[in-house]
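For reference, the structure discussed in these notes is given below.
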Amino acid sequence: MEKTVIISLKGIKKHFPIGTGKFTALNGIDIDLAKGEFAGFVGPSGSGKTTLLNIIGSLDTPSEGKIIVLEQDISQLSSKKTALLRRHNIGFIFQTYNLLPVYTVYENVEFPLLLLKMSASERKKAVMDSLDWVGLTDKIKSRPAQLSGGECQRVAVARAMVKKPKLVLADEPTANLDSENSHHILRTMENLNKDLQTTFIFATHDDKVIKYLKRKILLEDGKVTDDNIITN
Amino acid sequence: MLAIKLAYRNLVGAGLRTWLNVIILAFILFMMIWHYGIIDGWNEQAKRDMKKWEVGNGQYWHQNYDPYDFFTLEESHAKIPEALNNVILEGSATPVLITQGSVYPDGRIQSMLLRGIEPDQKIVAIPSDKLDIISEEIPVVIGKIMAKNCKLKEGDITTIRWRDINRTFDAAEVKIVKVFNCNVPNVDAGQMYIDINTLQKMMQAPQEATIFITSDDFEKGEEILGWKYKDYDFLMTEMNEMIRIKKIGGSFVYVILMLLAMLAIFDTQVLSIFRRQKEIGTYIALGMTRKQVVSLFTVEGAMHAILAVIFVAIIGTPFLIWLASIGMTMPAGSEDLGLPISETIYPVYGAGLIVGTSVLVFTITLIVSYLPARKISKMKPTDAIKGKIQ
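Line by line, the protein sequences are chains A and B.
Heads up: the first sequence begins at 80 in the numbering used here, then just goes up one per residue.
Heads up: the second sequence begins at 1012 in the numbering used here, then just goes up one per residue.
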């Protein structure tokens, strides 16, 4: 059966000004990503993985090219509409967790639902379900400063998943974690991918993550040099 | 609603940082209210004392009388007009005869104004009843400034000199029967009070007066030939002008306090931009619009002001009430300032002062919160997420 393409990148280029010249981070990327994929951009530092992830997540815009995410040409969207796209459909997991420091675990996970204006009872159920997925229901009153790195990243995963987005973008999610925590997080994401059919896209050069990927897109100097889909 | 909810959550979560800001703002708000309360209290007291001691509810002046030109005094007295006789008998007005004179305490000469006043008058607070005694010397009362300047005290006998209506000099011994304590320098400094009947005899000006001070129950009738009526507002013009100037001076302190409040919030907000960049980037990544982020930071700043107002209302109000009850003791020598100033000034906090100051602090806080927040909206989300200082 033909899989639904939810991300389509055509001729994506991204330049950054450096002094009087420019640095080309992405140099003509053409990729399609389908619903339910567990894919990753892999490659050395400076290859353009994070830049590409940011463009897909509508946090940045390409210098050239066209990008369709969930049927919307995000290079043409206003900043308000990209915010709405992220709010409803995209979850982010960052290398440094990016948890809101003054909020408790519960409040951090609840935050995306507040933006969606869900009722209190719906929010509570969704937050507890999400924390249950990542095994942190006993830490709901803790603040990020009271958690270990692994726990923080699990909270970040719960926050990204709580609204059941169509797409989760994870930028080096295990970079600050030990091996055990990394596998725990990755297994959690793998299960969510299977159970909810959420598309996961990673930017990573961590072998632990690469082992879990079902599709590895190798980036080198801003170009796709290999696209390896692993079929079970 | 979302901005308010999140801002509240952020402020509560920030804990000590929030409370420090709130306490600073509350302290400034408290100081502004107290400081203006003192000025208002001073003004109220000054107006009250001027009415009580000097101007009454209004005055009739002889047509030639000019309080700023003592040379007019020789020509500015006349028979008490018939139209005022009944009013005086009813106690609604009292005549005052004024002439220039000199006093010779310990052989020194000092100029003064001799004011003849009815011993039984009740319109102004001068203790004129003390003049109603039988004594070898002429009984007089003076204020404490006059007593201090002339080094006179109760019971002292001294010589005074004056001129009668024929411009003939005469002199007599007077006895200080009372040194009164008064906050109005015009009533005290260089003034000596004497029974009007005695002064009329001394000046050979029977039944004459220079001015009439009226009481609250006085109702002005028709114009009286040769006399000009000066109402309360006219007599308070100088005082009101002085208050206006004093308030302008006081405004500087008000503005400085306001600037401190602005600085506290502005500093917090600007620091927030740098310290909370990552948080801002996260908000944007999670789907907040730039406008929502600006609103959140603006509301956060404004909430500091609201919490400060609540803080002042709960903690500051009893303190302000207590300060109003004990007043502020003015330093020794403040009577030399030439302003009607009492030993203790009791602050007055009007609703306008409290509401106006609170609204002003809130508005300024809102503005200084918005300005840095607007800068946030221009931040690149990809840099903000990483916490890169821009």
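Even glycine gets a Cβ: it sits at the ideal position worked out from N, Cα and C.
List the whole-angstrom C-beta distance separating residue i from residue j, where the pair is believed to meet the contact cut-off of C-beta under 8 Å.
i         : j         : result
Thr1221/B : Val1107/B : 6 Å
Phe165/A  : Ser126/A  : Note that residue 165/A corresponds to Arg in the displayed sequence, not to Phe. Incorrect: roughly 24 Å between the Cβ atoms, too far for contact.
Asp111/A  : Val148/A  : Not a contact, Cβ separation roughly 11 Å.
Val1114/B : Val1152/B : 13 Å between Cβ atoms; not a contact.
Ile91/A   : Pro123/A  : The pair is not a contact, with the Cβ atoms about 19 Å apart (cut-off 8 Å).
Phe120/A  : Leu131/A  : 6 Å
Leu1022/B : Ala1275/B : About 14 Å separates the two Cβ atoms, so there is no contact after all.
Leu265/A  : Lys243/A  : Not really, about 19 Å apart at Cβ, beyond 8 Å.
Thr1169/B : Val1190/B : Thr1169/B to Val1190/B, Cβ: 13 Å. No contact.
Lys1239/B : Trp1045/B : Wrong, their Cβ atoms sit about 42 Å apart, outside the cutoff.
Along chain B, which residues have their Cβ under 9 Å away from the Cβ of residue i?
i        : result
Glu186/A : Arg1020, Gly1024
Lys159/A : Thr1300, Arg1301, Lys1302
Leu163/A : Gly1298, Thr1300
Arg166/A : Leu1297, Gly1298, Met1299, Thr1300
Check the DSSP bridge columns for residue i and list the partner residues they point to.
i         : result
Ala1089/B : Ala1220/B
Val121/A  : Thr283/A, Leu297/A
Tyr1071/B : Phe1223/B, Tyr1240/B
Trp1064/B : Answer by DSSP bridge pairing: none, since Trp1064/B is not bridged.
Arg1172/B : Ser1113/B, Ala1182/B
Gly170/A  : Val247/A
Pro1358/B : In DSSP, Pro1358/B forms no bridge with anything.
Pro1106/B : Phe1223/B
Gly1127/B : Leu1108/B, Ile1205/B
Thr1340/B : Thr1355/B
Ser1122/B : Ser1113/B
Gln151/A  : Val148/A
Thr278/A  : Leu246/A
How would you list, in chain order, the residues of chain A whose beta-carbon sits under 7 Å from the beta-carbon of residue i?
i         : result
Lys1289/B : Asn177
Thr1293/B : Asn177, Leu179
So residue i contacts chain B; which residues on that side make the cut at Cβ distance below 7 Å?
i        : result
Val181/A : Asn1021, Gly1024, Ala1025
Asn133/A : Thr1393
Asp139/A : Thr1393
Phe190/A : Leu1297
Residue i versus chain A: which residues are under 8 Å apart at the beta carbon?
i         : result
Leu1013/B : Leu193, Leu194, Lys196
Ile1396/B : Leu138, Phe173, Asn177
Provide the residue span of the beta strand (DSSP E) that contains residue i, from first to last.
i         : result
Gly1052/B : Not the beta strand (DSSP E): Gly1052/B falls in the alpha helix (DSSP H), residues 1027-1061.
Tyr1240/B : 1238-1242
Ala1183/B : 1180-1191
Val1152/B : 1149-1154
Ser198/A  : Note, Ser198/A: premise wrong, no beta strand (DSSP E); not H, not E.
Gly229/A  : Run containing Gly229/A: none in the beta strand (DSSP E); it sits in the alpha helix (DSSP H), 228-240.
Lys89/A   : 84-97
Leu110/A  : In the sequence as presented, Leu is not what sits at residue 110/A; that position holds Ile. Where Ile110/A is concerned, the enclosing beta strand (DSSP E) stretches over 100-113.
Asp1206/B : 1202-1206
Val1198/B : Run containing Val1198/B: none in the beta strand (DSSP E); it sits in the alpha helix (DSSP H), 1196-1199.
Thr304/A  : 302-308
Name the chain A residues whose beta carbon is nearer than 9 Å to that of residue i?
i         : result
Arg1286/B : Correct list: empty, because the minimum Cβ distance to chain A is about 10 Å.
So the alpha helix (DSSP H) residue i belongs to, where does it begin and stop?
i         : result
Ile1295/B : 1288-1296
Tyr1381/B : 1362-1387
Gly1312/B : 1301-1322
Leu1142/B : Note, Leu1142/B: premise wrong, no alpha helix (DSSP H); not H, not E.
Glu143/A  : Unbroken run through Glu143/A is the beta strand (DSSP E), 143-148; no alpha helix (DSSP H).
Leu132/A  : 128-135
Glu47/A   : Residue numbering for chain A in the displayed model covers 80 to 311; residue 47/A lies beyond these limits and cannot be assessed.
Thr1393/B : 1392-1397
At a cut of 8 Å, does the stretch 1012-1019 of chain B reach the stretch 1307-1316 of chain B through at least three beta carbon pairs?
yes
Are there three or more Cβ pairs, one per stretch, closer than 8 Å when the stretch 1256-1270 of chain B is compared with the stretch 1048-1057 of chain B?
yes
Are the stretch 1207-1221 of chain B and the stretch 1022-1042 of chain B touching, with three or more C-beta to C-beta distances below 8 Å?
no
Does the stretch 1162-1174 of chain B touch the stretch 1136-1145 of chain B, meaning 3 or more C-beta pairs lie closer than 8 Å?
no
Can you confirm whether the stretch 245-254 of chain A touches the stretch 165-176 of chain A when touching is taken to mean that 3 or more C-beta pairs between the two stretches lie within less than 8 Å?
yes
Check whether the stretch 1313-1325 of chain B and the stretch 189-205 of chain A are in contact - that is, three or more C-beta pairs closer than 8 Å.
no
Quick one: any contact between the stretch 1121-1135 of chain B and the stretch 1097-1112 of chain B, if contact means 3 or more CB pairs under 8 Å?
yes
Given 8 Å as the limit, is there contact between the stretch 1281-1290 of chain B and the stretch 1085-1095 of chain B, that is, 3 or more CB pairs closer than that?
no
Between the stretch 283-293 of chain A and the stretch 220-238 of chain A, do three or more beta carbon pairs fall short of 8 Å?
no
Cβ contact (3+ pairs, closer than 8 Å) linking the stretch 1310-1320 of chain B and the stretch 1360-1378 of chain B:
yes
Would you be able to state if there are at least three C-beta pairs under 8 Å between the stretch 1189-1200 of chain B and the stretch 1145-1159 of chain B?
yes
Can you find at least 3 beta carbon pairs, one from the stretch 94-107 of chain A and one from the stretch 264-283 of chain A, that sit closer than 8 Å?
no
Do the stretch 1066-1076 of chain B and the stretch 1224-1238 of chain B touch if we need at least three Cβ pairs shorter than 8 Å?
yes
Can you find at least 3 beta carbon pairs, one from the stretch 1330-1338 of chain B and one from the stretch 1354-1367 of chain B, that sit closer than 8 Å?
yes
Whether or not the stretch 142-162 of chain A and the stretch 212-229 of chain A are in contact is what I'm after, with contact meaning three or more pairs of Cβ atoms, one per stretch, closer than 8 Å; do they touch?
no
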